Amino acid sequence: MKEFILYVIVLLIVALMFAFIYEPTVSANFQQTFLISVLFSFSIGFTNKTISNLAYKTIKKYKPWQRILINMPLLFIGCFVGILIGNYICYLIFNVYPLTPKLITGLTIGGGIFSTILGSTFLLREISSELKEETRMARLQASIKILQAQINPHFLFNSLASVQSLIHKDPRKAEESLAAISEVFRYSMRRGQKDFIELYEEIEFIKQFLYIEEMRLGSRLKVIWDMDEGLMNCRIPPFLIQPVVENAVKYGVEKRKKGTVKISVKEKNDKLNIFVSNNGRADVHLVPDHSLENIKKRIEVIYGKKGSFEINTNGEVKVAISIPKQYHKNKGVQEL
Amino acid sequence: MSSGLDKIRVLIVDDEKLVRDYLKRLIGERSDINIVGEATDGAEAISKVQELVPDIMLLDIQMPELDGFGVLDFLDNPPPTIFVTAYDEYAIQAFEVNAVDYILKPVTKKRLFDAIDKAKIYIQRKELWESKATSILNHVRTQTVSKIPLNTREGFKLLSVEEIFWVKADGDYASIHTENNDFFYNKNIKHLESRLPSDLFLRVHRSYIVNLREIKELISNVGSRYKLKMIDDTEIPVSRRKARKVKNKLKI
């Protein structure tokens, strides 16, 4: 409704401007001239709006600039048709055509250019609100996915089965394992709700997670850490690294007999570079699953072009994440 | 097995030592059961079954290289099997459809003992169990594998699917051709086709499957007939119906 009122106001202003320039073919006072102007303004305006609305769905699939480009000739056509309609309505009222063919041509060109500017502005508004909505949806979906990722039933039941066995064999270790499982789930529930956490929190979480996996897989799993301790207070989105590590264990170790997972966090050119690799060969069955796709999307949503996520499958499988190096006090991240 | 002791001989297959130990401890409480061996992965399970011929097998589904279904699929006479899984919607569905017993991790003693008692019935009626095993495998057949189990002259072996250049049908069997070897596959080409990942392999002819990465060139013959020249210079005919698909896959 707000849009509509705005539209009518714009058309009335246009009509008023037009009334001052236009000299009608029939003798008329200013009120009558203004009435004719309003009539033309509205018939052009609504014809254009109708055509744009009809075309809106068809051209929605194109890129924004393509949509604006396609819309332009349509606005010209709309302007021409609107003038013809206006002229005919005037004829019905005053029994005379207010516009000569020459004036129709002139008005189509002038009005066409004006309509193009106005119509494109309206379309741009429309597109930018669409984009905002898309971004909002992407964020929403990303946060839903985080919530879903928290509960990995495979991990839960497998680790509980291991603890079950330990209770009799090694009660001390069973106690510690249960604590580690609790920590992992506690982290999942709490941290998942935050936008950012500090790197050490995620690393601690990964260590608990790997403690459980090591209990389960024993000597089959080997982990190598290569951490720059000075970066521990950098802020990162939660669940940025752990799913990659989980994926590496799943495909690099669990699906083969044994394997090594290497985790490294380094700084370079004010960027935080995180690498997770496993020495498994990248065969057809080592395709990364949705959890990685999800991280890629989140990095895109949060950091735009300043972040990156790559999977390198030449030789060993290596995931490389790069995000701007930021601390909690700085307000480095641009709001979307 | 000497018939004097009428103990049931059980094989435990699970890749996790803690789980195997736990199952052993529970089963140890039963005097009618004798654990004859354990296996830590699919390949070992196959050789242990062939070597020990157990009465019952406790079989984990998720295992490295060759999973529980792969083991069952390879064995000609699989023993009555109790499936063990932590969480696998897909597998559980297959068991439920075919009314086969399975147990979930963490395992409870009662559940395990009930399953063993049920499996004991099948020892006497093996044909009933085998038909169930077949229907489970039909249910899960859509899953592809990364390793193909094979019986070779040197014994049992797992072949990585990427090593395969091409496959030729041979009646109810098939022959698998790699860089240095030819292998005999004890099931038909259709069976093998369903196991091979479709992004890497294509059935180009009634009698041939090729590895798309190992194609050297596409030779066009007269009369819109095509042939493929493989990396080892073998020429493989392409059936008329598959010509378009081959071109699509090769992005020609």
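Going line by line, the protein sequences match chains A and B.
Going by this note's numbering, the first sequence runs without a break in its numbering and finishes at 336.
Going by this note's numbering, the second sequence runs without a break in its numbering and finishes at 588.
Note that beta-carbon positions come from the ideal geometry of N, C-alpha and C, so glycine has one too.
Please read these numbers as outputs of a predicted model, since none were measured by experiment.
Item	Value
Whole angstroms is fine: what's the gap from Trp502/B's alpha carbon to Ala161/A's?	42 Å
Please tell me whether His328/A has its Cβ less than 8 Å away from any Cβ of chain B.	no
Per DSSP, Ile439/B is paired with what?	Val420/B
Measuring CA to CA, which of Asp508/B, Met393/B, Phe410/B is closest to Thr439/B?	Here residue 439/B turns out to be Ile, not Thr, going by the sequence shown. Among Asp508/B, Met393/B, Phe410/B, the Cα nearest to that of Ile439/B is on Met393/B.
Specify whether the stretch 291-308 of chain A and the stretch 352-363 of chain B touch according to this definition: at least 3 beta carbon pairs, one from each stretch, less than 8 Å apart.	no
To which residues of the same chain is Arg216/A closer than 8 Å at the C-beta, ignoring the five residues directly before and after it?	Asn158, Ser159, Ser162
Give the DSSP bridge partners of Thr116/A, in chain order.	DSSP output for Thr116/A lists no bridge partner at all.
How is Val481/B classed by DSSP in three states: helix, strand or coil?	coil
By the 10 Å Cβ neighbour count, where 16 or more other Cβ atoms means buried, how is Tyr341/A classified, buried or exposed?	Past the boundaries of the shown model lies residue 341/A; chain A is included only from 1 to 336, so the question cannot be answered.
Quick one: residues in its chain with C-beta nearer than 6 Å to the C-beta of Gly398/A, no 5 flanking neighbours on either side, listed in chain order?	Not covered by the structure: residue 398/A. The range shown for chain A is 1 to 336.
Would you please verify whether the beta carbon of Lys268/A is less than 8 Å from any beta carbon of chain B?	no
Give a yes or no on whether 8 Å exceeds the smallest Cβ distance from Tyr358/B to chain A.	yes
Quick one: list the residues of chain A neighbouring Asp377/B, beta-carbon separation under 7 Å, in chain order.	Lys257
Measure the alpha-carbon distance for Gln31/A versus Phe94/A and round it to whole angstroms.	14 Å
Look up Ser159/A in the DSSP assignment and say whether it is helix, strand or coil.	helix
Please classify Gly86/A: is it buried, with 16 or more other beta-carbons within 10 angstroms of its beta-carbon, or exposed?	buried
Are the stretch 310-322 of chain A and the stretch 114-129 of chain A in contact at 8 Å, needing three or more beta carbon pairs?	no
Just to make sure I have the definition right: I need the residues of chain A whose C-beta is within less than 7 Å of the C-beta of Tyr521/B. Which are they?	Simply none; closest approach about 19 Å.
Does the Cβ of Ile181/A have 16 or more other Cβ atoms within 10 Å, making it buried, or fewer, making it exposed?	buried
Measuring CB atoms only, is the stretch 371-381 of chain B touching the stretch 187-204 of chain A, in the sense that at least three cross pairs come out at less than 8 Å?	no
Report yes if the CB atom of Phe76/A is closer than 8 Å to the CB atom of Thr116/A, and no otherwise.	yes
Work out the CA separation of Leu69/A and Arg256/A for me, nearest whole Å.	55 Å
Taking CB distances under 8 Å as the criterion, tell me whether Tyr423/B reaches chain A.	yes
Count Cβ pairs between the stretch 361-369 of chain B and the stretch 398-414 of chain B that sit closer than 8 Å; are there 3 or more?	no
Between which two residues does the alpha helix (DSSP H) carrying Ser41/A extend?	30-59
Does DSSP put Pro101/A in a helix, in a strand, or in coil?	helix
At the 8 Å Cβ level, is Lys504/B part of the contact set with chain A, yes or no?	no
DSSP three-state call for Leu536/B: helix, strand or coil?	coil
So, helix, strand or coil for Leu286/A, using DSSP?	Low local confidence applies: a pLDDT of 48 at Leu286/A is under 50, so the model's placement there is unreliable, with the coordinate-based value given in what follows. DSSP places Leu286/A in helix when its eight states are reduced to three.
Pull up the distance between the alpha-carbon of Phe196/A and that of Leu221/A, whole angstroms please.	30 Å
Please report whether the beta-carbon of Glu254/A lies at a distance below 8 Å from any beta-carbon of chain B.	yes
Between Ala435/B and Asp506/B, what straight-line distance do the alpha-carbon atoms span, to the nearest angstrom?	35 Å
Candidates Tyr426/B, Arg577/B, Gly559/B, Ile545/B: which alpha carbon is nearest Thr570/B's?	Ile545/B
If you reduce the DSSP assignment to three classes, tell me which class Arg235/A lands in.	strand
Report yes if the CB atom of Leu292/A is closer than 8 Å to the CB atom of Ile323/A, and no otherwise.	no
What are the start and end residues of the beta strand (DSSP E) that includes Leu494/B?	491-496
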